[in-house]
Structures are given as structure tokens and as C-alpha cells.
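Have a look at the structure below, then the notes.
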Amino acid sequence: MTHPKKYTGSCLCGAVQYQIDGEIGPIIQCHCQKCRKANGTAFATNAPVVRSEFKFTQGEGVIKKYKSSEATERCFCGECGSPIMSIKEATPNFYRLRIGTLDTPIDHKPTQHIFVGSKAEWDVIYDDLPQCEGMAK
């Protein structure tokens, strides 16, 4: 009998903690301007998780939300500002988890880069992963 995976994660200050009772989807590195601005980095490293398999174990009331576009809401710790996830209207049954918030080690590796057409001019991609000019197909 196969047991489902269990992962835990938290924000920088520890006020927000969560648990995932299920699998983590493919890891994607997004280079769009909104992800760069929201994370303060060259790209955001995200993976889908099934919404019903995700739960806050601490600090759900500390979570702040920002609607960065008509279709995207970004969730972050209201204490330290760590980005936790985003919610897209097109995929309401999934959260786009910020992989850097995981506390549980994972074997997953990134599978592709998206929105490389709008990446920062100083950002150089050194790996051989597939690159999409816009959203992954």
C-alpha cells in the first residue's frame, strides 16, 4: 500500500506554517515581471499543490493577500513578508506554492523556465531546461 507524501513548510519568521498531504507537482521557474517584483528575485520557483491537500497548521490569520492581476492573488506572511503561494482563477483547485518555503527536503528538480521573454536583462539561465517565451504549453 502506498502512503501519500507529507510535506511541511513555513515563512521566514515562522508565524505561518503549513502541511501538504499529497504530491507536489512539476517545479517551474517563472521569470515574469510580476513574479520578479513579488519575490525580489530573478524568478519565482513554483509548483502546483492540490488545494484540498494543503492546510495551514499555524498562522492562517497572519496571511495577507494581494490581487496582482484580474486572475492572480498572491498570499504572503503579514509579519515577515515571505511569499507563500498564489491562487490563479484558471486553476482554482490548485495553489502555486513557493518552493523555497518548504521545510521538508524534496527530490524534485525544476522542469522548465517560463516567461523567459520578459526575464530581467541581467538574468542568465545556465541550465539546459526547456524555456518558454510565455506561459508553459
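Sequential numbering of the sequence shown, starting at 117, is according to this note's numbering.
Glycine included, every Cβ here is placed at the ideal spot set by N, Cα and C.
For a cut-off of 8 Å, the C-beta gap from Asn155 to Arg212 is around 12 Å, too long to register as a contact.
Val178 is positioned such that its CB atom lies closer than 8 Å to that of Ala131. Only exposed fits Ser185, as fewer than 16 other CB atoms lie within 10 angstroms of its CB. Around the Cβ of Val240, a 10 Å sphere holds fewer than 16 other Cβ atoms; the residue is exposed.
8 Å or more divides the Cβ of Ile203 from the Cβ of Cys193. Its chain contains Ala187 as the residues whose beta carbon lies nearer than 8 Å to that of Ala206, once the 5 sequence neighbours on both sides are disregarded; these appear in chain order. Taking all protein chains in view, the Cβ of Gln145 is crowded by 16 or more other Cβ atoms within 10 Å, so the residue is classified as buried. Beta-bridge analysis with DSSP links Ala160 to Cys146. Assignment of beta-bridge partners to His229 by DSSP yields Gln145 and Gln247.
For Pro199, the enclosing beta strand (DSSP E) begins and ends at Pro199 to Lys204. DSSP, read as helix, strand or coil, puts Thr217 in helix.
Only residues of its own chain outside the window of five on either side were considered, and among them Pro164, Val165, Val166 and Arg167 have a CB closer than 7 Å to the CB of Phe210, listed in chain order. The three-state secondary structure of Lys235, taken from DSSP, is coil. Counting the other CB atoms within 10 Å of its CB gives Thr173 a total below 16, which places it among the exposed residues.
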